[in-house]
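A short write-up of the structure that comes next.
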Amino acid sequence: AKKGGLKYNNNPIERYNGKIKDRTKIIRGSFGSFEYAEAFMNLRHIVHNFVNPHQELGGKTPAEKAGVDLKRGRMKLFNLIKYWTKHRDDE
Numbered sequence: 225a226k227k228g229g230l231k232y233n234n235n236p237i238e239r240y241n242g243k244i245k246d247r248t249k250i251i252r253g254s255f256g257s258f259e260y261a262e263a264f265m266n267l268r269h270i271v272h273n274f275v276n277p278h279q280e281l282g283g284k285t286p287a288e289k290a291g292v293d294l295k296r297g298r299m300k301l302f303n304l305i306k307y308w309t310k311h312r313d314d315e
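Adding 224 to a residue's 1-based position in the sequence shown gives its number in my numbering.
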């Protein structure tokens with residue numbers, strides 16, 4: 225996009241939307257309700273920001289790039305869930 229003189233590159237968001245589209249094709253009839261679909265989207269958001277490293281961020285997650293390091297190690301999603309279940313009543 226920048227080669228064509230455009231200031232912004234929307235390829236990352238298009239890739240993110242494509243991943244969601246691919247996943248929802250598989251489970252389309254399985255949501256059962258808006259609440260389940262919303263929970264799925266919330267999980268995708270968490271995985272995107274806290275679990276999956278991004279090539280354009282030098283192998284860091286967006287959270288790590290923003291200075292949020294939960295020190296969850298290699299099993300980030302599993303350890304993030306364990307952390308949340310242990311601390312969810314601390315709010």
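Where a beta carbon is used, it is the ideal one built from N, C-alpha and C, also for glycine.
Mapping the DSSP letters down to three states, classify residue i as helix, strand or coil.
{"i": "K243", "result": "helix"}
{"i": "K284", "result": "strand"}
For the alpha helix (DSSP H) that residue i lies in, which residues bound it at each end?
{"i": "L301", "result": "300 to 311"}
{"i": "L294", "result": "Unbroken run through L294: none, as it is neither H nor E."}
{"i": "Y232", "result": "Taken as a continuous stretch (DSSP letters only), Y232 belongs to no alpha helix (DSSP H), as it is neither H nor E."}
Where does residue i land, buried or exposed, given buried means 16+ other C-beta within 10 angstroms?
{"i": "T285", "result": "buried"}
Is the beta carbon of residue i within less than 7 angstroms of some heavy atom of the ligand ZN?
{"i": "R268", "result": "Absent from the structure shown: the ligand ZN. Ligands present: none."}
I'd like to check one pair, residue j with residue i: are the Cβ atoms closer than 8 angstroms?
{"i": "L301", "j": "V271", "result": "yes"}
{"i": "R312", "j": "L304", "result": "no"}
{"i": "A287", "j": "N273", "result": "yes"}
{"i": "I250", "j": "R268", "result": "no"}
Please report whether the beta-carbon of residue i lies at a distance below 8 angstroms from any beta-carbon of chain E.
{"i": "L267", "result": "Structure shown: chain E not included; a single protein chain is present."}
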